[in-house]
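The structure appears below as C-alpha coordinates.
Numbering (my numbering), first residue to last: 51 to 158.
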(Lines of atoms letter the chains of each structure in order from A and count residues from 1; the text may use other names and numbers.)
(Lines give C-alpha, C1' and ligand atoms only; values in the text may rest on other atoms or scores of the structure.)
Protein backbone atom coordinates (compact mmCIF):
# COMPACT_ATOMS: atom_id res chain seq x y z
CA UNK A 1 0.00 0.00 0.00
CA UNK A 2 2.85 2.42 0.84
CA UNK A 3 4.45 1.75 -2.52
CA UNK A 4 1.21 2.66 -4.27
CA UNK A 5 1.06 6.00 -2.40
CA UNK A 6 4.62 6.85 -3.40
CA UNK A 7 3.78 6.26 -7.05
CA UNK A 8 0.68 8.46 -6.99
CA UNK A 9 2.33 11.43 -5.23
CA UNK A 10 2.09 14.70 -7.18
CA UNK A 11 5.00 15.88 -9.29
CA UNK A 12 7.20 18.81 -8.32
CA UNK A 13 5.10 21.98 -8.17
CA UNK A 14 7.02 25.24 -8.31
CA UNK A 15 5.66 28.48 -6.87
CA UNK A 16 4.78 31.34 -9.24
CA UNK A 17 7.76 33.50 -8.26
CA UNK A 18 10.24 30.90 -9.56
CA UNK A 19 9.13 31.61 -13.12
CA UNK A 20 10.74 35.06 -12.83
CA UNK A 21 14.02 33.52 -11.73
CA UNK A 22 15.03 31.03 -14.42
CA UNK A 23 18.27 29.98 -12.76
CA UNK A 24 16.58 29.07 -9.48
CA UNK A 25 13.69 27.43 -11.31
CA UNK A 26 16.12 25.28 -13.31
CA UNK A 27 18.01 24.35 -10.14
CA UNK A 28 14.78 23.42 -8.37
CA UNK A 29 13.68 21.43 -11.40
CA UNK A 30 16.96 19.50 -11.22
CA UNK A 31 16.29 18.65 -7.59
CA UNK A 32 12.81 17.41 -8.44
CA UNK A 33 14.20 15.26 -11.22
CA UNK A 34 16.83 13.79 -8.89
CA UNK A 35 14.19 12.92 -6.31
CA UNK A 36 11.95 11.48 -8.94
CA UNK A 37 9.13 13.98 -8.54
CA UNK A 38 7.75 12.18 -5.49
CA UNK A 39 8.14 15.15 -3.09
CA UNK A 40 6.62 18.57 -3.80
CA UNK A 41 9.03 21.39 -2.99
CA UNK A 42 7.71 24.18 -0.75
CA UNK A 43 9.51 27.50 -0.11
CA UNK A 44 10.42 28.30 3.50
CA UNK A 45 7.64 29.98 5.48
CA UNK A 46 9.70 33.15 6.06
CA UNK A 47 9.76 33.80 2.29
CA UNK A 48 5.97 34.10 2.08
CA UNK A 49 5.70 37.51 3.75
CA UNK A 50 8.93 38.77 2.19
CA UNK A 51 8.10 38.01 -1.41
CA UNK A 52 4.41 38.91 -1.35
CA UNK A 53 4.64 42.14 0.68
CA UNK A 54 2.65 44.28 -1.73
CA UNK A 55 -0.75 45.88 -1.18
CA UNK A 56 -3.69 44.09 -2.77
CA UNK A 57 -5.47 47.33 -3.62
CA UNK A 58 -4.55 50.97 -3.99
CA UNK A 59 -4.99 53.14 -0.89
CA UNK A 60 -7.90 55.48 -1.51
CA UNK A 61 -7.68 59.23 -1.09
CA UNK A 62 -10.14 59.09 1.83
CA UNK A 63 -8.16 56.47 3.78
CA UNK A 64 -4.90 58.31 3.15
CA UNK A 65 -6.37 61.60 4.41
CA UNK A 66 -7.85 59.89 7.47
CA UNK A 67 -4.41 58.56 8.34
CA UNK A 68 -2.96 62.06 7.97
CA UNK A 69 -5.51 63.75 10.28
CA UNK A 70 -3.26 63.35 13.30
CA UNK A 71 -0.50 65.25 11.51
CA UNK A 72 -2.53 68.31 10.54
CA UNK A 73 -2.01 71.75 12.04
CA UNK A 74 -3.65 72.46 15.36
CA UNK A 75 -4.69 75.87 16.73
CA UNK A 76 -1.77 77.78 18.22
CA UNK A 77 -1.88 78.20 21.99
CA UNK A 78 0.91 80.78 22.24
CA UNK A 79 -0.94 83.79 20.79
CA UNK A 80 -1.57 86.42 23.48
CA UNK A 81 -2.41 90.13 23.43
CA UNK A 82 0.51 92.55 23.46
CA UNK A 83 0.95 94.14 26.92
CA UNK A 84 1.50 97.63 25.37
CA UNK A 85 -1.07 97.96 22.59
CA UNK A 86 -3.39 94.94 22.98
CA UNK A 87 -2.68 93.62 19.47
CA UNK A 88 -2.50 89.80 19.15
CA UNK A 89 1.08 88.53 18.94
CA UNK A 90 3.18 85.48 19.70
CA UNK A 91 4.59 85.09 23.19
CA UNK A 92 8.06 86.59 23.59
CA UNK A 93 7.78 88.39 20.23
CA UNK A 94 7.15 92.02 19.47
CA UNK A 95 3.82 92.66 17.75
CA UNK A 96 3.64 94.24 14.30
CA UNK A 97 1.96 97.40 15.47
CA UNK A 98 4.68 98.14 18.05
CA UNK A 99 7.39 97.20 15.54
CA UNK A 100 6.01 99.64 12.96
CA UNK A 101 5.87 102.35 15.61
CA UNK A 102 9.52 101.68 16.56
CA UNK A 103 10.57 101.81 12.92
CA UNK A 104 8.93 105.23 12.48
CA UNK A 105 10.49 106.63 15.65
CA UNK A 106 14.03 105.34 15.17
CA UNK A 107 16.02 106.88 12.36
CA UNK A 108 18.85 104.67 11.18
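Glycine residues also receive a C-beta, built at the ideal position from the N, C-alpha and C atoms.
When you compare only the Cα positions, how much space is there between residue 138 and residue 150? Here residue 138 refers to the residue found at position 88 of the chain shown. Here residue 150 refers to the residue found at position 100 of the chain shown. Looking at the two C-alpha atoms, the distance is approximately 14 Å.
Residues bridged to residue 139 (per DSSP): For this step, residue 139 is matched to residue 89 along the chain shown. Beta-bridge pairing links residue 139 to 130.
So, under 8 Å CB-CB, residue 141 and residue 130 are touching, yes? Tell me the CB distance rounded to an integer number of Å. Start at 1 with the first residue of the chain shown, and residue 141 comes out as number 91. Start at 1 with the first residue of the chain shown, and residue 130 comes out as number 80. So it is a contact: roughly 6 Å between Cβ atoms.
Check residue 108 in the structure and name its three-state DSSP category. Residue mapping note: residue 108 aligns to position 58 of the chain shown, counting from 1. The answer is coil: DSSP assigns residue 108 none of H, G, I, E or B.
For residue 124, which of helix, strand or coil comes out of DSSP? Here residue 124 refers to the residue found at position 74 of the chain shown. Residue state, collapsed to three classes: coil.
Can you look up residue 145 in the DSSP assignment and give me helix, strand or coil? For the purposes of this step, residue 145 is taken as residue 95 along the chain shown, with counting starting at 1. In the structure shown, residue 145 sits in coil (DSSP, three-state: anything other than H, G, I, E or B).
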